[in-house]
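One point on numbering: in the numbering used here, the residue at position 179 of the sequence shown is 184, and numbering is uninterrupted.
Don't be surprised by glycine CBs; every beta carbon is placed ideally from N, CA and C.
One structure below.
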Amino acid sequence: MKFAIVTGVSRGLGESAAKLFLEQGINVIGISRGKSDSLTEIAYQNNVSFQQYSCDLSNLKAIDETFSEIADAVFEHEPTVLYLVNNAGVIEPVNKSMDINSEDLAYHVQVNTIAPMAITNFLLKQAGKHEVPLIAAGISSGAAERAVSGWSVYCSTKAALNRYTETVALEQEQLNTGNKVIAFSPGIMDTAMQEKIRSSSESEFSDVETFKNYKENGLLKDTDTVAGVLVDILTDETNIINGKIYNVKEYF
């Protein structure tokens, strides 16, 4: 029996990844603020389970409590492997760094960096305790590799996630655990986050017209297609490269 945990599962890349896991006969636990009846139906059709949890990823206590409950639910089934997709994230605040208030800054860092780090750390510990291999992915971005005016926080948190991935992978190799930790850059997709980006003013985000053109010219990737690449990488347990920052551009 296999399990996958996916954060941000109610829409976008997270929902698409969860759907593909279910269609491959993998039980899914989803974390999101909204409910997904479609995933419940897909699970039923494929004779697997889909459980949904609500968790405020900006709250460390909520993360600890929710994932302790999730770990109990997963490991009681003695899975042969556990997949983790840390997909949930935010783009806001989009603004010049000097105009970003500390509260918005802290929220963004908590959701985009601290939450996936805390979740991965906890599940690595639990996986070791139960002798179940963990294969985890964080969602990166091209913004991790370059400076983008108006995205000082987003660029920084994604860059931090990449280095975290590389460091944890190194540690797991040294410990010979068999766990794999990667990051995956999905490119520019047709998602709610892109809608928020396009709604930015030019004073906040100087590249806004470029992103509007991506939409107008049909250059946004479909989340199902991108999720297919991610799920294929994760489930190819023999060939997945520990610590690699994968990029969807390598595949199409």
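Asked                                                                                                                  : Found
Member of Val236, Leu235 and Thr196 whose CA lies at the smallest distance from the CA of Gly223                       : Thr196
Element boundaries [alpha helix (DSSP H), containing Gly233]                                                           : Thr228 to Thr240
Residues bridged to Gln56 [DSSP beta-bridge criterion]                                                                 : Ile34
Unbroken stretches of the beta strand (DSSP E), 3 residues or longer, contained in the stretch 127 to 167              : 139 to 144
Given Met103 as reference, the closest of Ala232, Gly155, Asn181 and Lys40 once Cα atoms are compared                  : Gly155
Neighbourhood of Gly35 by C-beta distance below 6 Å, restricted to the same chain and skipping five residues each side : Val11, Val14, Ala23 and Gln57
Spatial neighbours of Ile68 in its chain, beta-carbon cut-off 7 Å, leaving aside the 5 residues before and after       : Cys60, Leu62, Ala120, Ala123 and Ile124
Backbone CA spacing between Ala9 and His113 [nearest angstrom]                                                         : 25 Å
Ser161 versus Glu81, Ser205, Pro98 and Asp212, residue with shortest Cα-Cα distance                                    : Pro98
Beta carbon of Phe216 nearer than 7 Å to that of Ile202                                                                : yes
DSSP state of Phe189 mapped onto helix, strand, coil                                                                   : strand
Extent of the continuous beta strand (DSSP E) run through Tyr251                                                       : Ile250 to Asn252
For Lys217, the three-state DSSP class (helix, strand or coil)                                                         : helix
Pair within 7 Å by beta-carbon distance, Asn247 and Ala174                                                             : yes
Proximity to Phe26 [Cα-Cα], best of Ala132, Lys249 and Tyr49                                                           : Tyr49
Whether Gly30 touches Val53 by CB criterion (7 Å)                                                                      : yes
Collapsed DSSP secondary structure at Thr45 in the structure displayed                                                 : helix
Coil, strand or helix - Val95 by DSSP                                                                                  : coil
Val86 in three-state terms, based on DSSP                                                                              : strand
Cα-Cα separation, Val253 to Lys66                                                                                      : 34 Å
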